[in-house]
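Student:
In my numbering, the protein residues as written are 24 to 220.
#1: Closest to residue 43 by CA distance: which of 67, 128, 197 and 145 is it?
#2: What does a CB cutoff of less than 8 Å around residue 202 pick up in its chain, not counting 5 residues either side in sequence?
#3: Whole angstroms are fine: how far does the CA of residue 36 sit from the CA of residue 192?
#4: So, under 8 Å CB-CB, residue 169 and residue 145 are touching, yes? Tell me the CB distance rounded to an integer number of Å.
#5: For residue 196 and residue 25, what's the separation of their Cα atoms in angstroms?
#6: Only counting runs of 3 or more residues, tell me where the beta strand (DSSP E) segments fall wholly within the segment 156-203, in order along the chain.
#7: Would residue 221 pass as a contact of residue 90 if the rule is Cβ separation under 8 Å?
#8: Specify the secondary structure class of residue 52 as computed by DSSP and reduced to three states.
#9: Grab me the residues of residue 123's own chain with a C-beta within less than 7 Å of its C-beta, minus the 5 sequence neighbours each way, in chain order.
#10: Is DSSP giving residue 66 helix, strand or coil here?
#11: Express the C-alpha separation of residue 133 and residue 231 in angstroms, rounding to a whole number.
#12: Among 63, 51 and 216, which has the Cα closest to the Cα of residue 81?
#13: Would you report the Cα separation of residue 93 and residue 217, rounded to the nearest angstrom?
#14: On the premise that residue 69 lies in contact with residue 51, defined as a C-beta separation below 8 Å, what is that separation, rounded to the nearest angstrom?
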């Protein structure tokens, strides 16, 4: 039981944070991850509702699904340059998350990656992104604008559903599919550009 754990410093000998390593550590406020870590497993920090900030070193190339889901106090996250996919539900229900930095090299935003990140006002998707998955930004009710990269060919089901502050959207020329309820309840949407494709 780690429910009282508030702070931890991992030694440089640690190279992997396995599945559920800190799952449900309700009181954990800060953790130092050394540069030697290359992988953060599924559910590694899920439910760490007191965690406000975490610095993920650039050595990390893999972040598992649900890794930071339900970290309700997490305010900022910077994805390392070696990560290619924002995995399923990685940051789902991080309701205080207001700033996300996604580097060039990330190719896909997977299912429910930022589901119910209700404080997220803006997100810059790099040009390397080619896939925006089902429910990727569902319920991001503060999201006002984002740019869909040129390489994206499909906006999947529920992708921006419930983004009630989203005002403008421009879909790139390569898009051939807009999924079911992709923009449902985008009640502030003033303009949308849909390409000939």
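Yeah, the Cβ is synthetic: ideal placement off N, Cα and C, and Gly gets one too. Since the model is a prediction, treat every value here as computed from it, not as a measurement.
Tutor: In short:
#1: When each option's Cα is compared against that of residue 43, the closest is 67.
#2: 157, 177, 178, 179, 180, 181 and 182
#3: 46 Å
#4: 7 Å between Cβ atoms; contact.
#5: Cα to Cα, residue 196 sits roughly 50 Å from residue 25.
#6: 191-193
#7: Absent from the model: residue 221. The displayed extent of the chain is 24 to 220, so no value can be given.
#8: It is coil, neither helix nor strand.
#9: 100, 143 and 146
#10: coil
#11: Any question about residue 231 goes unanswered here, given that the chain covers just 24 to 220.
#12: 63
#13: Note on geometry: alpha-carbon atoms of residue 93 and residue 217 lie some 34 Å from one another.
#14: Between residue 69 and residue 51 the Cβ distance is about 12 Å, and since that is not below 8 Å, they are no contact.
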